[in-house]
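A.B. asks: Here's a structure for you.
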Amino acid sequence: MTSLEAQMTPPQEPANAPGRAEIPVDGRVGADAVSGSNEFISWGARSDVGLVRGHNEDSFLLRTPLFMVSDGMGGHAAGEVASSIAVETVGEQAPGTADDVLLGAAVEAANMAVIEASEQGIGKPGMGCTATAVLIEKNKMAVAHVGDSRAYVLRQGTLVRVTHDHSYVEELVDSGQITADEARTHPSRSIITRALGSDPDMYADHFSLEVNDGDRIILCSDGLSSMISDAEIESLAVSSATPQQAADNLVAAALTAGGADNVTVVVVDVLNDGIADAARRRLLHRAAILGGTVVAVVALSVLLALALVRSEWYLGANGDTVGLYRGISGEFLGIPTYELVGTSSVELSDLPTSVQDQLAQGIRVESEEAGRAVIDSYHDQINAEKDRAAEIAETASSEGDAAQATPEGGDQQ
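Residue numbers for the sequence shown follow our numbering, so the first one is 4 and each next one is one higher.
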């Protein structure tokens, strides 16, 4: 998100030498990170000025259940103005439900707001921006999109891009003249064919999708998608335990790959799409009716329900640690619908509060192997955090020792 610090950061050369270690994102000037969660979704975001640009023209919006990324264009005091106007307008105009037509209208209203601001001397003539916005309501997600920022959905380990870039190179990809990988490095990759801020008749792509428990939604500016491939985005999104860790890891990867542009990533996890609760209520209601008529059918229903839930897997709390369970958390007619099949040494207290809250409800995984892989990733991320804390403590201790060793009243330069 644009800030005064970002605007004052001097240009830097890209640091993409082969074999370069990953660039840490915490504490960088010109960067911003925000996370949160509620009963239905959990989210995290990070925006970074990058390693080449002198200021950040990206803006993002986290106004649950509305999320948006906007990449400004037009240079200093222009791009960031356009993107800020866009997210503010969409935030004000967006519907309260997942209505993609109304969300598209909000983006089109943002287009007019950017044009009118330029005409009134706000920002600079010719300023513009992209807009990719989603509004999530239980198991439905409305999408509105203009430009080359992107929206992805990660489902059961597979990443799918759901938006279509409005760019010259995307047209080349569509016609089969170049591949998607070639588009990332094409000399004309910055040419946008549709954006907010220039054409009063501009229209937004809009559509709705079904989302499920466990889905991970990713919004990003082209500072991510132009630096790393979709395969790399998928790998990092799968291996990151929380939305904030996913956003951090994706931004770090873009910086490590060269950081040639501002990079902004918003990640949203669907925790509860409302379907399971509704299905459970319907099942209990039907069982109660049958219980008053045909006991044998009730018994059969119980057996079938138990057989069904045993094909499910989830991670949950096992005392003070993370456990792997088969089934669905809870009971059916007094019968537990889960069993503990794997334990771990991952302490709940070492995990972010948002992850602890998710584990308390149960985090659904595709299989036993997928669950154990997530536990392994928790181990790795906890160890990395502890190593980083130890390094910070050691540095602070060394600086303190050096200060104590300085002679009192020594020479001053």
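For every residue, glycine included, the Cβ atom is placed at its ideal position computed from N, Cα and C.
Could you give the C-beta distance for V104 and H169, rounded to a whole number, given that I count them as a contact under 8 Å?
C.D. replies: For the purposes of this step, residue 104 is taken as residue 101 along the sequence shown, with counting starting at 1. For the purposes of this step, residue 169 is taken as residue 166 along the sequence shown, with counting starting at 1. At roughly 19 Å, the Cβ-Cβ gap does not stay under 8 Å, so V104 and H169 are not in contact.
A.B. asks: Check each candidate in E372, C132, T245 and A399 and name the one with the smallest Cα separation from S359.
C.D. replies: To locate residue 359, count along the sequence shown from 1; it is residue 356. Checking the displayed sequence, the identity of residue 359 turns out to be Gln instead of Ser. Of the candidates E372, C132, T245 and A399, the one whose C-alpha sits nearest the C-alpha of Q359 is T245.
A.B. asks: Please report the straight-line C-alpha distance between G53 and P339, rounded to a whole angstrom.
C.D. replies: Numbered from its first residue, the sequence shown carries residue 53 at position 50. Numbered from its first residue, the sequence shown carries residue 339 at position 336. Distance between the alpha carbons of G53 and P339 is about 51 Å.
A.B. asks: So is H79 buried or exposed if we call it buried at 16+ other beta carbons inside 10 Å?
C.D. replies: Numbered from its first residue, the sequence shown carries residue 79 at position 76. Exposed.
A.B. asks: Along the chain, where does the alpha helix (DSSP H) that runs through N114 open and close?
C.D. replies: Translated into the one-based positions of the sequence shown, residue 114 becomes position 111. It spans D103 to E122 - the alpha helix (DSSP H) in which N114 sits, taken as one unbroken run.
A.B. asks: Within 8 Å, do at least three Cβ pairs link the region 378 to 390 to the region 162 to 177?
C.D. replies: Contact between the region 162 to 177 and the region 378 to 390 is absent, because fewer than three Cβ pairs lie under 8 Å.
A.B. asks: Exposed or buried, what is H148 when buried is set at 16 or more other beta-carbons lying within 10 Å of its beta-carbon?
C.D. replies: Taking the sequence shown and counting its residues from 1, the one referred to as residue 148 is at position 145. Buried.
A.B. asks: Assign D379 to one of three DSSP states: helix, strand, or coil.
C.D. replies: Indexing the sequence shown from 1 puts residue 379 at position 376. D379: helix per DSSP, three-state reduction.
A.B. asks: Report the residue from L106, A89 and S224 whose alpha carbon sits nearest the alpha carbon of L138.
C.D. replies: Within the sequence shown, the letter at position 135 stands for residue 138. Comparing Cα-Cα distances from L138 to each of L106, A89 and S224, the minimum goes to L106.
A.B. asks: CB G319 to CB Q248, shorter than 9 Å?
C.D. replies: As a first step, residue 319 is located in the sequence shown; it is residue number 316 there, counting from the start. As a first step, residue 248 is located in the sequence shown; it is residue number 245 there, counting from the start. Against a cut-off of 9 Å, the Cβ pair of Q248 and G319 comes out as no contact.
A.B. asks: If we count Cβ pairs, one from each stretch, closer than 8 Å, do we get three or more for the region 124 to 135 versus the region 145 to 161?
C.D. replies: With a cut-off of 8 Å, the region 145 to 161 and the region 124 to 135 count as touching, because enough Cβ pairs lie within range.
A.B. asks: Please list, in chain order, all residues of the same chain as E402 whose beta carbon is under 7 Å from its beta carbon, the five residues on each side excluded.
C.D. replies: Here residue 402 is taken as the residue at index 399 of the sequence shown, counted from 1. So the list is empty, once near-sequence residues are dropped.
A.B. asks: Count the C-beta pairs between the region 117 to 131 and the region 63 to 70 that are closer than 8 Å, then say yes if the count reaches three, no if not.
C.D. replies: Flag = no, the region 117 to 131 and the region 63 to 70 do not touch.
A.B. asks: Identify the continuous beta strand (DSSP E) that holds G47 and give its terminal residues.
C.D. replies: In the sequence shown, residue 47 corresponds to position 44, counting from 1. Run containing G47: I44 to D51, per the beta strand (DSSP E) assignment.
A.B. asks: Could you check what DSSP says for R391 in three-state terms: helix, strand or coil?
C.D. replies: Reading the sequence shown from its first residue, position 388 is the one you call residue 391. Looking at R391 - three-state DSSP - the assignment turns out to be helix.
A.B. asks: Please report the residue range of the beta strand (DSSP E) in which G39 lies.
C.D. replies: For the purposes of this step, residue 39 is taken as the residue at position 36 of the sequence shown. That run of the beta strand (DSSP E) goes A34 to S40.
A.B. asks: Grab me the residues of A207's own chain with a C-beta within less than 6 Å of its C-beta, minus the 5 sequence neighbours each way, in chain order.
C.D. replies: Position 204 of the sequence shown, counting from 1, holds the residue named residue 207. Taken in chain order, the residues that qualify are G107, V110, E111, A147 and V149.
A.B. asks: Give me the Cα-Cα distance between V163 and D74, rounded to the nearest whole angstrom.
C.D. replies: Locating residue 163 in the sequence shown gives position 160, counting from the first residue. Locating residue 74 in the sequence shown gives position 71, counting from the first residue. Near 21 Å, if we compare the C-alpha coordinates of D74 and V163.
A.B. asks: Please state whether DSSP places G94 in a helix, a strand or coil.
C.D. replies: Within the sequence shown, residue 94 is the residue found at index 91, counting from 1. Here G94 sits in helix by DSSP.
A.B. asks: Within the same chain, show all residues whose beta-carbon is closer than 8 Å to that of E334, passing over the 5 residues directly before and after it, in chain order.
C.D. replies: To locate residue 334, count along the sequence shown from 1; it is residue 331. Around E334: T340.
A.B. asks: Report yes if the C-beta distance between A376 and G200 is below 9 Å; otherwise report no.
C.D. replies: Against the sequence shown, residue 376 aligns to sequence position 373. Against the sequence shown, residue 200 aligns to sequence position 197. Contact flag unset, no.
A.B. asks: Determine the contact status of S224 and D264, defining contact as a CB-CB distance below 9 Å.
C.D. replies: Along the sequence shown, one-based indexing puts residue 224 at 221. Along the sequence shown, one-based indexing puts residue 264 at 261. Yes; because the gap between Cβ atoms is below 9 Å, this pair is in contact.
A.B. asks: Tell me, please, whether the region 113 to 120 touches the region 38 to 50 by the rule of three or more beta-carbon pairs shorter than 8 Å.
C.D. replies: In short, these stretches do not touch, since the Cβ pair count stays below three.
A.B. asks: What is the rounded straight-line gap between the Cα of V3 and the Cα of A255?
C.D. replies: Residue 3 is absent from the structure shown; the chain starts at 4 and stops at 416.
A.B. asks: Can you give me the Cβ contacts of S242 inside the same chain, cut-off strictly under 6 Å, excluding the 5 residues immediately before and after it?
C.D. replies: Here the question's residue 242 lines up with position 239 in the sequence shown. Cβ neighbours of S242 beyond the five flanking positions: S380.
A.B. asks: Tell me whether T12 is buried or exposed, calling it buried when 16 or more other Cβ atoms sit within 10 Å of its Cβ.
C.D. replies: Counting from one through the sequence shown, the residue named residue 12 turns up at place 9. For T12, the predicted structure reports a pLDDT of 33, less than 50, and the residue's modelled location is therefore unreliable. A value from the coordinates is still provided. Answer is buried; the Cβ neighbour count reaches 16.
A.B. asks: Among I395, V344 and A392, which residue has its Cα nearest to the Cα of S370?
C.D. replies: Numbered from its first residue, the sequence shown carries residue 370 at position 367. Comparing Cα-Cα distances from S370 to each of I395, V344 and A392, the minimum goes to V344.
A.B. asks: Using CA atoms only, rank isn't needed, just tell me which of L354, Y317 and A387 is closest to A373.
C.D. replies: Here residue 373 refers to the residue found at position 370 of the sequence shown. Minimum Cα distance to A373 is reached at Y317.
A.B. asks: Would you tell me roughly how many angstroms separate the C-alpha atoms of D218 and Q159, rounded to the nearest one?
C.D. replies: As a first step, residue 218 must be located in the sequence shown, where it is residue number 215. As a first step, residue 159 must be located in the sequence shown, where it is residue number 156. Distance between the alpha carbons of D218 and Q159: 7 Å.
A.B. asks: Just how far apart, CA to CA, sit Q361 and D353?
C.D. replies: Looking up residue 361 in the sequence shown gives position 358. Looking up residue 353 in the sequence shown gives position 350. Whole-angstrom Cα-Cα distance: 14 Å.
A.B. asks: Taking the CB atoms as reference points, tell me whether E60 and G82 lie closer together than 9 Å.
C.D. replies: Along the sequence shown, one-based indexing puts residue 60 at 57. Along the sequence shown, one-based indexing puts residue 82 at 79. Yes; because the gap between Cβ atoms is below 9 Å, this pair is in contact.
A.B. asks: Select from D216, T324 and T346 the residue whose C-alpha is nearest the C-alpha of Y143.
C.D. replies: For the purposes of this step, residue 143 is taken as the residue at position 140 of the sequence shown. Looking at the sequence itself, residue 143 is Lys, so the reference to Tyr does not match. Of D216, T324 and T346, the residue nearest in Cα terms is D216.
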